[in-house]
Amino acid sequence: MTTLSVSTDFTHKTSVVESRSKATLCWLMLTVVLSLAGAGVALWSAKTSLQDTLAEQLPRRLADALQFSFVSDADTINLVSNAVDQDLGSLSVAGRSALLHNCSAQLIRLLSSAPQRTTTRSARLLPVATTIRVDWHHGQSPEVASFQLQCTLDVPRLLGINAFLALVSVLLMLLLPPVMSRRLPWLLLGIKQHGYSARGLRQALAIALAPATMRFDHQRHSVTLHGITLTLPKTPYFYYVWYARLRLGSARVSGASPGDNSEGWLLNPATDRPDRVSATFLIELMTACGGHQKAINDLTEHGLRAKILDQNRNKVKDELCRVLGETLAAPYLFESERDPRTARYRHRLACAPNLIVL
Amino acid sequence: MRGKAGDMKPGSLWPTRPRLLAGSAFLLIAIVLSGILSHQNARISLGEYYQYRCSTGLASGPELRILSVIPTYAAEMAQKLCRSPAISEEFASVKVSWKPRTLLSTADLVNQRYDVIWNRHHFLTGLMPDFDEHYDTLLHYDNYSVFWLSLNNTPQMTAEYFQGKRIGLLADDSSHTHNLLPLTSLATIDTLGENYVPVYFANTGSLYDSFYRGELDLITGGLNLAIDRPVFRTLVDNSATAATFFVRQPLESPAQRCEIVAALRLLTQLWQGIETHQNINGVATHGSDAAGSCR
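Taken in sequence, the protein lines are chains A and B. Per our numbering, residue 1 is the first one in the first sequence, and the count goes up by one each step. Per our numbering, residue 1 is the first one in the second sequence, and the count goes up by one each step.
1) Thinking Ile283 (chain A) and Thr271 (chain A) are a contact (beta carbons under 8 Å), I'd like their distance in whole angstroms, please.
2) Check for me: the beta strand (DSSP E) holding Ile108 (chain A) runs from which residue to which?
3) Please state the DSSP three-state secondary structure of Lys22 (chain A).
4) If you measure from the beta carbon of Asp64 (chain A) to each beta carbon in chain B, is any gap under 8 Å?
5) Which of the three DSSP states, helix, strand or coil, is assigned to Cys321 (chain A)?
6) I'd like to confirm something about Cys82 (chain B): is its beta-carbon nearer than 7 Å to some heavy atom of the ligand COA, or not?
7) How should Lys22 (chain A) be labelled, buried or exposed, when 16 other C-beta atoms within 10 angstroms of its C-beta is the threshold for buried?
8) For Tyr114 (chain B), return the contacting residues in chain A, with the cut-off set at a CB-CB distance below 8 Å.
9) Would you say Pro48 (chain B) lies against chain A (beta-carbon separation less than 8 Å)?
10) Using a 10 Å radius around the Cβ and a threshold of 16 neighbouring Cβ atoms, would you call Lys99 (chain B) buried or exposed?
11) Is the distance from the Cβ of Met77 (chain B) to the Cβ of Leu270 (chain B) below 8 Å?
12) Quick one: residues in its chain with C-beta nearer than 7 Å to the C-beta of Leu225 (chain B), no 5 flanking neighbours on either side, listed in chain order?
13) Would Leu149 (chain A) pass as a contact of Leu99 (chain A) if the rule is Cβ separation under 8 Å?
14) Counting Cβ pairs closer than 8 Å, one from the stretch 142–153 of chain B and one from the stretch 229–249 of chain B, do we hit at least three?
15) Out of A:Tyr240, A:Arg346 and A:Lys315, point me to the one whose CA is closest to Ile356 (chain A)'s CA.
16) Would you report the Cα separation of Ile117 (chain B) and Pro129 (chain B), rounded to the nearest angstrom?
17) What's the gap between the Cα of Gly95 (chain A) and the Cα of Thr53 (chain A)?
18) In this structure, what does DSSP give as the bridge partners for Ala42 (chain B)?
19) Report back the beta-carbon spacing between Leu158 (chain A) and Gly38 (chain A) to the nearest angstrom; my notes put them in contact at under 8 Å.
20) Give the single residue among A:Val80, A:Phe216 and A:Val323 whose Cα lies nearest to the Cα of Gly190 (chain A).
21) Can you give me the Cβ contacts of Thr131 (chain A) inside the same chain, cut-off strictly under 8 Å, excluding the 5 residues immediately before and after it?
22) Enumerate in chain order the residues of its own chain whose CB-to-CB distance from Asp115 (chain B) is below 6 Å, with the five nearest sequence positions on each side excluded.
23) Kindly say whether Ile167 (chain B), judged by its beta-carbon, lies nearer than 8 Å to any beta-carbon of chain A.
24) If the cut is a Cβ gap below 7 Å, which residues of chain A does Asn119 (chain B) touch?
25) Using the C-alpha atoms, what's the distance from Glu143 (chain A) back to Ser105 (chain B)?
26) Could you tell me which residues DSSP pairs with Asp310 (chain A) in its beta bridges?
27) Work out the CA separation of Leu33 (chain B) and His218 (chain A) for me, nearest whole Å.
28) Can you tell me the Cα-Cα spacing of Lys80 (chain B) and Glu194 (chain B), whole angstroms?
29) Could you check what DSSP says for Gln51 (chain B) in three-state terms: helix, strand or coil?
30) Unbroken beta strand (DSSP E) runs of length 3 or more, entirely within the stretch 51–102 of chain B: which are they?
31) Could you tell me the boundaries of the alpha helix (DSSP H) in which Met286 (chain A) lies?
32) How would you call Met214 (chain A), buried or exposed, if buried means at least 16 neighbouring beta carbons within 10 angstroms?
33) Within its chain, find whatever has a CB closer than 7 Å to the CB of Leu333 (chain A); leave out the 5 residues flanking it on each side and keep chain order.
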């Protein structure tokens, strides 16, 4: 989860409730759709499998049984019909889940010319019935035998199975895409940087799967963001580190109460009054880590001025946007707000402290 | 990440809405899973329908198996035998089968799978040369008349008459009436060398239907025709054997043989119909000692 999506979820409680009821609605609708489809598939598959079996076995048997009925008599048709009906009693319908119960098949008529036989329609709860036709040949003349298949639909089981499937798929729909949408742009960026070769794709995948951390390297004045390493000019780099330190709470800033600073905010110095205390910290950092003497001198001489601060933030921003693009750079850049007391702007790193490694 | 989750740079190869893509994928998976889980398979076992079976009431015992040629009166014969005390004291059930004659095999005869068989003697000895050593003749219907039948004119027994005629035959070498007799008749008169057109049928029903529809010029047959139009006839054979029934020699109880004969006599109605109509001598006669000594 990105920090941002978490904070949005918590700040907009109404949208959480809304999306929950949306998901519930989605789940219910999907359950109904899947159940209807499941019931259809159950009956259709039972029907076609019975039809296939009958179509495979019955024509030869009927042709044999009625081959010499030269008085195409109703008695013989009736005799054979009864025997077929008796065999239909052996019907059993089974599947991975027993959605159909008490299935029974009955012969409606053996030949189109034969009278329709009385089929019993049992008083079942939610019966489903369908007609099956089997083509066969009586000598040279084509005939159609018709059957009725009746079953009881196990509605609780049908709903149970499909409610579960719907729940899982709705949950996956809700949970996986944010992960995907977080990783996918990084993967694309990785591919853009490293190309479509096997090695390039491997590196792109490594970038996509890298933690969302920002890791600073003072030696190379580079920062690794989500697996992508950017080397910054020295001076903007140290300003960037300075903001990161503030965000981590490992640096204190003058002119601001401890409460203000706890979130990593750095108030822009007033134009006429440079921030001397912050300058001291920056000078310390740059001196210790090999910063430009010119920048150090400037800070020593003038203190931390709003103009310089803006300049360096902008340099960081430009470099990140150039390499990562605006969207992917955003979480690693600065967010700003107006300080209610001084009416001046203050800035801090948007990145959560737990993702910053110094 | 700002903006809507999943928004991508323009010109990207990827769909702009991963959520939509993933959503459809999950939906599809759910539908497929639901389909797989809902799939049902119907199982059924079908027997053969060229037989009728009834039980005699005896708890356990062998089955009396009668092989007929046609389904007519099969149920009646079986029921009559099932009610018979002489039969029910030994047999638990009676089965009358009208399995197609062509399906009768040597194995059926050697293993004596039928107690009574209705078929042609020459056909049975063809399957098993020593047939007579295992089966006795139980009942014999002969003096059965077979005619050339035409809806157009009286058949002439000349080669010229038969030339180019469409003749309906049964595709069953064991059929006397619709295969052996007409072919024999044609062989005796057709000096032009088979100049007729034989049309073969799988069953008698379709043979007669085709004849009634006028699709055939000639067929052979008896006299019981289900048609209102006048039919022209010329006698082929007035002493044809209509039917012969054979019985397994081990089934030797005279009482049981008599009961079987009584049941088979139900079939007499088939040939009596011919007599009554045409007043031709085709009465069923008893052809065996066993049958003769009944009552």
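Beta carbons: idealized from backbone N, C-alpha and C, even for Gly.
This is what the structure gives:
1) Their Cβ separation, rounded to whole angstroms, is 21 Å, which puts Ile283 (chain A) and Thr271 (chain A) out of contact at 8 Å.
2) Leu100 to Arg109
3) helix
4) yes
5) helix
6) The ligand content of the structure shown is nil, which means the ligand COA is not present either.
7) exposed
8) Correct list: empty, because the minimum Cβ distance to chain A is about 16 Å.
9) What sits at residue 48 (chain B) in the sequence shown is Glu, not Pro. Closer than 8 Å to some Cβ of chain A, the Cβ of Glu48 (chain B) qualifies, so yes.
10) buried
11) no
12) Val231
13) no
14) yes
15) A:Tyr240
16) 16 Å
17) 16 Å
18) A:Val93
19) 6 Å
20) A:Val323
21) Ile108, Ser146, Phe147, Gln148 and Leu149
22) Leu64, Arg65, Arg248 and Leu251
23) no
24) Per Cβ cutoff of 7 Å: no residues; Asn119 (chain B) is ~12 Å from chain A at best.
25) 29 Å
26) Per DSSP, none; premise fails for Asp310 (chain A).
27) 54 Å
28) 47 Å
29) strand
30) 51–55, 63–67 and 93–97
31) Arg276 to Cys289
32) buried
33) Lys317, Leu320 and Ala350
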